[in-house]
Amino acid sequence: MTRCALLVRGVNVGGRKLVMAELRELLAGLGLTDVRTVLNSGNAVFTTGRTPAELEPVLESALADGLGVRARCLVRTGAELAVVRDGHPFPALATNGSRMIALFTSADPTPEQLATDDPRLLDPDHVVLGERVVYQWCPDGVLAAPDVSGLLVRRWGVGVTGRSWNTVEKLVTLTS
């Protein structure tokens, strides 16, 4: 059995409502155990015997069919989240988690996509590519930062959902 985190994209922002109590009930109904929601932004942690790759399409279908919410679902194991935390490319800046975002992706870009992309699109002083994650430092705040998430969806065709570094740290703790 593995402790995992569910990251639902784009809920409880801009009018797209997902009630956390309903999400907990839905996840428990799918056989996931020790279910707990985290904050009010589409995060949940649970224990399962299934892999993240097996769970993601099941969760997306269950959300759509059971709660009427069509949203991308990304699942990471506790170990995968710890790798994200340990790979922080801006350790000197780690003290202000509200200005750091981890953009979790459904897949890594292909070497061909990286080779043909304009290198100015990913500013190495603020944006660093990891394994199925893009780290973004936002010195002027998240709202003033460039929309890297949109770039990833448009240019690389991957699913993306972002979490503040504070949330990443919390999810690592709850899944370890």
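Using this note's numbering, the first residue of the sequence shown is number -6, and each one after it goes up by one.
From the three backbone atoms N, C-alpha and C, an ideal C-beta is built for every residue, glycine too.
Predicted model only: the values in this text are computed from it and were never measured.
Residue i Cβ short of 7 Å to the ligand COA heavy atom set
i, result
"threonine 40", "As for the ligand COA, it is missing from this structure, which has no ligand bound."
Those residues which DSSP pairs with residue i across a bridge
i, result
"tryptophan 130", "Met93"
"leucine 0", "Asn36 and Leu67"
"valine 121", "Tyr128"
"threonine 98", "Val153"
"threonine -5", "Thr41"
For residue i, three-class secondary structure by DSSP
i, result
"alanine 37", "strand"
"valine 51", "helix"
"aspartate 58", "helix"
"arginine 9", "strand"
"arginine 147", "helix"
"threonine 88", "coil"
"threonine 103", "coil"
"threonine 168", "helix"
"threonine 160", "helix"
"alanine 137", "helix"
"aspartate 116", "coil"
Proximity to residue i [Cα-Cα], best of the options
i, options, result
"isoleucine 94", "Phe39, Val12, Arg65 and Gly134", "Gly134"
"arginine 125", "Asn36, Asp140 and Gly152", "Gly152"
"alanine 46", "Ala(-2), Pro84 and Val4", "Ala(-2)"
"leucine 145", "Ala137, Gly155 and Leu136", "Gly155"
"threonine 70", "Glu53, Val120 and Val38", "Val38"
"alanine 57", "Ala14, Leu19 and Ser34", "Leu19"
"threonine 30", "Thr160, Thr41, Glu105 and Leu16", "Leu16"
"leucine 60", "Ser169, Pro132, His119 and Leu11", "Leu11"
"histidine 81", "Val165, Tyr128, Pro117 and Leu96", "Tyr128"
"phenylalanine 83", "Val120, Val62, Pro102 and Ser54", "Val120"
"threonine 88", "Cys131, Val51 and Asp118", "Cys131"
Host beta strand (DSSP E) of residue i (start-end)
i, result
"glycine 155", "153 to 157"
"alanine 29", "Note that residue 29 is arginine in the sequence shown here, rather than alanine. Arginine 29 -> beta strand (DSSP E) spans 26 to 31."
Endpoints, alpha helix (DSSP H) assigned at residue i
i, result
"arginine 17", "13 to 22"
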